[in-house]
Structure formats: structure tokens, C-alpha cells
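Chains as they are written, first to last, in my numbering: chain S, 83 to 331; chain A, 94 to 390.
Notes follow once the structure below has been shown.
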Amino acid sequence: MSTAIELRGVEKSFGITSVIRNVNLAVAQGERHALIGPNGAGKSTLFNLISGYMLPTTGSILLRDKVISGLPPYQINRRGLSRSFQVTNVFANMSVWENLRCAVLWAAGYRYAFWKNIDNLPEVRDRTAQILGDIHLIARRDVPAGLLTYAEQRALEIGITIAGGADVILLDEPTAGMSHAETERAVALIRRLTEGRTLLIVEHDMSVVFGLADRISVLVYGQIIASGTPEEIRGNPKVREAYLGEEAA
Amino acid sequence: MNTQLLVQLLINGLVVGTLYGVVAMSFVLIYKASQVVNFAQGELLLIGAWVCWWLLTKYQVPFYLGMPITLVFMFVFGIAIQVVILRPMIGEPIISVIMVTIALSTVFSAMMKWMFGVNLQPFPRVFNTQNVNVLGLQVQTVYLMSLAVSLAMIVGMAWFFRLSKYGLAMRATAFNQQVAQSLGISVKSVFAMAWAISATVSAVAGVVVAVVNGVSAGLSAYGVKVFPAAILGGLDSVGGAVLGGIIIGLLENVAHFVDSEYLHWGNLYEIAPFYALIIILMIKPYGLFGTKDIERV
Chain S
83 MSTAIELRGV EKSFGITSVI RNVNLAVAQG ERHALIGPNG AGKSTLFNLI
133 SGYMLPTTGS ILLRDKVISG LPPYQINRRG LSRSFQVTNV FANMSVWENL
183 RCAVLWAAGY RYAFWKNIDN LPEVRDRTAQ ILGDIHLIAR RDVPAGLLTY
233 AEQRALEIGI TIAGGADVIL LDEPTAGMSH AETERAVALI RRLTEGRTLL
283 IVEHDMSVVF GLADRISVLV YGQIIASGTP EEIRGNPKVR EAYLGEEAA
Chain A
94 MNTQLLVQLL INGLVVGTLY GVVAMSFVLI YKASQVVNFA QGELLLIGAW
144 VCWWLLTKYQ VPFYLGMPIT LVFMFVFGIA IQVVILRPMI GEPIISVIMV
194 TIALSTVFSA MMKWMFGVNL QPFPRVFNTQ NVNVLGLQVQ TVYLMSLAVS
244 LAMIVGMAWF FRLSKYGLAM RATAFNQQVA QSLGISVKSV FAMAWAISAT
294 VSAVAGVVVA VVNGVSAGLS AYGVKVFPAA ILGGLDSVGG AVLGGIIIGL
344 LENVAHFVDS EYLHWGNLYE IAPFYALIII LMIKPYGLFG TKDIERV
């Protein structure tokens, strides 16, 4: 199976503090890969490195065998990698429809259509409508995103993350702050929307991680201490000690 | 009471106010996209007016050609300002960028004086008929043109923000640059586009003023009037900027009327908008339509 994302000897330090230390990671095409680790382990930093918001100090990052480290975030997005953020990030002043359309538009190949009326682009409209249905927000189409409930905002966020049609999706704690029922719905949504795509997800909720991921990597103090299937991770003594310890005990 | 003077001044206020609104709108455009307060907005009007004047007088280009050429020039000029001067400032504190726009304003206005002199130059006549009869009132053709052009720009801008790709990208960028980038939007090109459009729209306003009053360095004073208009409407509201402009234009002229009829204090009415500005900001600190969290830390 070919690799979707590959990190080769990636390090990141801020001054003398090294946050990411020699991380090697390969996520196969179509795999759902979860990144877990205690707070401050560097999970979000790793996401920022992969999506171009930070430059690795050394090492390289590859998307489908092409080096992407050093490219600006919007170009990495246009190459087919899309991410969400830990803190809910939707355009609160724009309607749900406009949020989605904004995400669809830039990937839809209308890059140079400066003065076209975007209402008249059927592909954009259809794709936007389809995602609106997928995330169950049809009834909220014209509501400003800022007025949605928290769970709806997170669903919209997942919607705009996948809307561009990227086949590598990075989700940063998509269920954080949700109730149990909301989490279950969100997981079902993520599972359905990322069908056939590569998913790298940071998550604290272990039921989400073990229910969703094909493989799991454990990041502790900027290093990957274990990588494997959920069963392997569960049984790994190092992981139990460093991370699961408190819950498993 | 001199009703005829009042009506004349109200029309005047509406026409000038709509023009202020257009300039305020192009000022808000840059602010919205990049949080930069552009102190060189008035100079963009001035440059546009001079370029058009120069084409029309030195090269005898007809107006219907000279105007589009001017606009294309200003579009490119706006991109050039952003790319050459402001792009290296990305990542620097916003206040530094604002200082750069103050410098730009000084440099541009000195440059215009050096190139075109300091005297008022009359604009070549654009319309054959000087006055048109509207509902029994004699209105100058240039006033009508000014109003029509302003309204067209306002409608165009509304369309742009709602239904064009760059407009949508600009709103997204204004709200959250980080997320915009993660959706494939190039923040740099959005900024460049904001400057390009702002410069072009300002140039239209500049030429309109020039057609009415002629061209001189004093034209850049419109850039100062933009502050009460934009702040009144709320710095980040395009519609508010337009309304703010109209209010300022009307206020100026009503103050003029009150002064010439009753007070006879002299030119003090010129700064009436600023009194109004102070009072309104005491009551509504974010302007009439501004978003409350304009400054996020």
C-alpha cells in the first residue's frame, strides 16, 4: 500500500527547547491513523508542521511521496491535504452555506474565475449542497455559523475540512467538549465522510480513538514511543506506563 | 429661511456624501482584509485624478478611454504597493504597517507635487450639457454623474462581497487568516486584491472629484474625511461606511447652511463632521454598524 503522509526524521525546536524529536511516521493511503499522547506532547505542533503552519527545524514531510515541508499552508491544501483546528474555527459571520462554499470554491478549479457570479457555478453549488446534506445542516443553511450550537459548529468544521475534496484529512480533537451522544454522532459522521480517504486524527477521548482508528501512534515528549494497531497499543507496556497508565490502572 | 439654498446644500451633501461613502468603502476594504488602517487613501484618489488628467490633457486621450486606462493603471499600482512595500511587512506588528502607510501618504503627495505642480488644474470638460432638469430642479450634470458612479460602485462592491470568489475569500480572510489558508486561500493574494480594488475604487472617486472641482493636492483631503465616515459606520462594515459617508456629507452641508443663515462663524462648519464623530463615538464606541470585537488580542 502506498503512503499518504510520511515524516522522515522530523524535529522542531523553539530556541533550545525541542518540541518534536526525530519523528518518523508513515500513514498509508486510506488508513485512519490516530495520534494520542498526554497534554504538551507536541500533537498540535506535529499537525502544524504537516499542514505548513510551522517549518520543521530538520527532517522532511512528504505527501504522496512529494516533499511538502517548506510550502505555505494554502499550497499544501491545494495539493490535497486539509486540516481542522483544535479550537473551533468556522467563519462565524458567514452563513453555513457560505462557509461550505468558500471551502469548495478554492478547490473546485475556479482559481482564476475572478468576476464570475459564484451562484452560477453548478458544480460548486451541487458539491456545497451535497456536503450540507452530509453534515445534516440543511435546515440551518442560511444561519450565520456563529449562531450554531457547539456540536453543529464542529460538524460544519468537519464539513469545510473535507469540502475541498482533499484526500488526506487532519482533524485536531474533533469531539473535544462534546457530550457522549454528540461524540457518537460526530464519530459516525467522521467515519462516513472520511470513507476512502486518509485520516490523521488527534483525540483525547479513548473510546473515539479505539473505535475509529486502524492504527495508533503514541507521542510522548515529542517522540513517538509506539505505533501499531489498537490491540498492539493497548497491550504495549511502555504506552500503559506513559499514557494509558492513569486510565488503565 | 432660504429654502432654495437648503435644498441645494442637501443635494450637495448627498452627492458629496455618497462620494465620501465610496472612498470610505475602499478604506474599509483594506481594513477588513488586513486590519491595516490606510492613511494613504486620499493620495490614491489624488494619483488616480492626476493620471487621468495627464492622459486627457497631455495626450488628448478621450475620456471614455482615459478613464479605463486610469483604472487599469490603479489596479496594477495597488497590487504593486502591496507586493513591493507591504508584503515584506507581513508578520510585523500592524502599527508598523500603519506607519508605513503614513510614510506612503507623504511620499505620494510630495511626488505628485513634484510631477504635476501645486496649482489647481481644471479638468477637461467631460459633458456637453452643464445642467440637467430633474423634477424641476437644475442639477449639474457632473453631480448626477457623481451620484450614478458612486451608486454603481456601491452596488458593485456589495455584489463583490456576496457573490464573487475573491469577495468571499476576503471575508473569510478577514475573519480568520489561519482557517482561510487551510481552505486553500492565499492570504497574500487576497491582500493584494484588496489593495488593487481599493486603489481602483479610490481612483474613480478621485476622477469624479476632479471633474467637478479640478485637480490639486487638496483633493487628498478626501482621505481625511474618510475617517469620520468609516469610523461612524464601524470600521469593518462596508454598508456602514457608505451610510457614514452620506451622514458626514449631509452634516457638513447642513452645518454650512446653519452657519451662513444664522451663526456666521465662518469656516468652522468644515469640521462639523468631527464634532459629530466625537459625540457618536461617546455613545456607540464601535460605530453604528461595527463589530464589537474589532480588536482581538
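Positions of the beta carbon are idealized from the N, C-alpha and C atoms, including for glycine.
For residue i, which option in the options has the closest C-alpha, if you only look at C-alpha atoms?
i: Pro154 (chain S); options: A:Ile371, A:Val317, A:Val280, A:Leu374; result: A:Val280
i: Lys206 (chain A); options: A:Ala287, A:Ala273, A:Ser313; result: A:Ser313
i: Val169 (chain A); options: A:Arg255, A:Ile290, A:Val304, A:Ile104; result: A:Ile290
i: Gly338 (chain A); options: A:Phe350, A:His349, A:Ala323; result: A:Ala323
i: Leu237 (chain A); options: A:Leu370, A:Ala369, A:Arg255, A:Thr111; result: A:Thr111
i: Leu344 (chain A); options: A:Tyr362, A:Ser353, A:Met182, A:Leu356; result: A:Tyr362
i: Ala248 (chain S); options: S:Thr265, S:Gly317, S:Leu145; result: S:Leu145
i: Val291 (chain S); options: S:Phe96, S:Ala116, S:Ile102; result: S:Ala116
i: Asn202 (chain S); options: A:Ala203, A:Met246, A:Ala241, A:Arg255; result: A:Arg255
i: Val108 (chain A); options: A:Leu228, A:Leu244, A:Asn269, A:Val130; result: A:Leu244
i: Pro120 (chain S); options: S:Ser261, S:Ala221, S:Asp287; result: S:Asp287
i: Ser299 (chain S); options: S:Leu128, S:Leu137, S:Tyr232, S:Arg207; result: S:Leu128
How many Å lie between residue i and residue j at the Cα?
i: Ser295 (chain A); j: Val319 (chain A); result: 11 Å
i: Asn95 (chain A); j: Ser119 (chain A); result: 36 Å
i: Thr222 (chain A); j: Leu328 (chain A); result: 39 Å
i: Leu99 (chain A); j: Val347 (chain A); result: 8 Å
i: Arg160 (chain S); j: Gly277 (chain A); result: 6 Å
i: Val301 (chain A); j: Val190 (chain A); result: 29 Å
i: Ile188 (chain A); j: Asn106 (chain S); result: 41 Å
i: Thr99 (chain S); j: Arg223 (chain S); result: 46 Å
i: Ala237 (chain S); j: Gln168 (chain S); result: 13 Å
i: Gln128 (chain A); j: Pro181 (chain A); result: 16 Å
i: Val321 (chain S); j: Asn104 (chain S); result: 18 Å
i: Gln153 (chain A); j: Gly307 (chain A); result: 17 Å
i: Pro366 (chain A); j: Lys377 (chain A); result: 16 Å
i: Arg297 (chain S); j: Arg114 (chain S); result: 7 Å
i: Ala173 (chain A); j: Phe201 (chain A); result: 14 Å
i: Ala270 (chain S); j: Val101 (chain S); result: 33 Å
i: Ala174 (chain S); j: Trp147 (chain A); result: 46 Å
i: Pro186 (chain A); j: Tyr379 (chain A); result: 22 Å
i: Ser309 (chain S); j: Val109 (chain S); result: 11 Å
i: Gly184 (chain A); j: Ala203 (chain A); result: 29 Å
i: Ala330 (chain S); j: Ala324 (chain S); result: Since pLDDT at Ala330 (chain S) reaches only 44, below the 50 mark, its modelled position is unreliable, and the value read off the structure follows with that caveat. Computed Cα separation, rounded: 11 Å.
i: Ser353 (chain A); j: Asn224 (chain A); result: 25 Å
i: Ala263 (chain S); j: Thr276 (chain S); result: 20 Å
i: Glu205 (chain S); j: Gln157 (chain S); result: 22 Å
i: Thr257 (chain S); j: Ala268 (chain S); result: 7 Å
i: Phe253 (chain A); j: Gly293 (chain S); result: 45 Å
i: Ile387 (chain A); j: Asn269 (chain A); result: Residue confidence for Ile387 (chain A) is low, a pLDDT of 40 falling below 50, so the modelled location carries little weight; the figure read from the coordinates is stated next. About 13 Å.
i: Arg90 (chain S); j: Ile143 (chain S); result: 6 Å
i: Met375 (chain A); j: Ile213 (chain S); result: 45 Å
i: Val297 (chain A); j: Leu253 (chain S); result: 46 Å
i: Ile162 (chain A); j: Thr234 (chain A); result: 23 Å
i: Leu213 (chain A); j: Ala310 (chain A); result: 8 Å
Determine, using beta carbons only, whether residue i and residue j come nearer to each other than 8 Å.
i: Thr170 (chain S); j: Glu239 (chain S); result: yes
i: Glu285 (chain A); j: Val121 (chain A); result: At residue 285 (chain A) the sequence reads Ala, which differs from the Glu that was named. No, these two residues do not count as a Cβ contact at 8 Å.
i: Thr178 (chain S); j: Val225 (chain S); result: In the sequence as displayed, the identity of residue 178 (chain S) is Val instead of Thr. In contact: Val178 (chain S) and Val225 (chain S) (Cβ atoms closer than 8 Å).
i: Gly141 (chain A); j: Leu149 (chain A); result: no
i: Val335 (chain A); j: Gly114 (chain A); result: yes
i: Cys184 (chain S); j: Leu261 (chain A); result: yes
i: Val193 (chain A); j: Leu179 (chain A); result: yes
i: Gly152 (chain S); j: Glu93 (chain S); result: no
i: Ala251 (chain A); j: Ile123 (chain A); result: no
i: Ile315 (chain S); j: Ser257 (chain A); result: no
i: Ile341 (chain A); j: Leu325 (chain A); result: yes
i: Val144 (chain A); j: Phe216 (chain A); result: no
i: Ile242 (chain S); j: Asn181 (chain S); result: yes
i: Gly162 (chain S); j: Val250 (chain S); result: yes
i: Ser275 (chain A); j: Arg165 (chain S); result: yes
i: Ala404 (chain A); j: Ala267 (chain A); result: Summary: the structure shown does not reach residue 404 (chain A), with chain A confined to residues 94 through 390, and so no result is reported for it.
State the CB to CB distance for the pair residue i and residue j, rounded to an integer number of angstroms; the pair is presumed to be in contact (CB under 8 Å).
i: Ala295 (chain S); j: Pro312 (chain S); result: 6 Å
i: Val283 (chain A); j: Tyr315 (chain A); result: With a Cβ gap of about 26 Å, Val283 (chain A) and Tyr315 (chain A) do not count as contacting.
i: Leu197 (chain A); j: Ala133 (chain A); result: 4 Å
i: Leu103 (chain A); j: Gly299 (chain A); result: Not a contact, Cβ separation roughly 24 Å.
i: Ala245 (chain S); j: Val186 (chain S); result: 5 Å
i: Ile68 (chain S); j: Leu282 (chain S); result: The question about residue 68 (chain S) has no answer, for chain S in this structure spans 83 to 331.
i: Gly171 (chain A); j: Thr293 (chain A); result: 7 Å
i: Ala233 (chain S); j: Met260 (chain S); result: 6 Å
i: Phe156 (chain A); j: Val219 (chain A); result: 5 Å
Return no unless some Cβ of chain B is closer than 8 Å to the Cβ of residue i.
i: Asp201 (chain S); result: Absent here is chain B; the protein component of the structure consists of chains S and A.
| Should the stretch 119-132 of chain S be called in touch with the stretch 290-305 of chain S, which here means at least 3 C-beta pairs below 8 Å? | yes
| said: Quick test of the definition: if touching needs 3 or more C-beta pairs under 8 Å, does the stretch 331-350 of chain A touch the stretch 103-119 of chain A? | reply: yes
| said: Measuring CB atoms only, is the stretch 132-152 of chain S touching the stretch 205-220 of chain S, in the sense that at least three cross pairs come out at less than 8 Å? | reply: The answer is no - the stretch 205-220 of chain S does not touch the stretch 132-152 of chain S, with fewer than three Cβ pairs under 8 Å.
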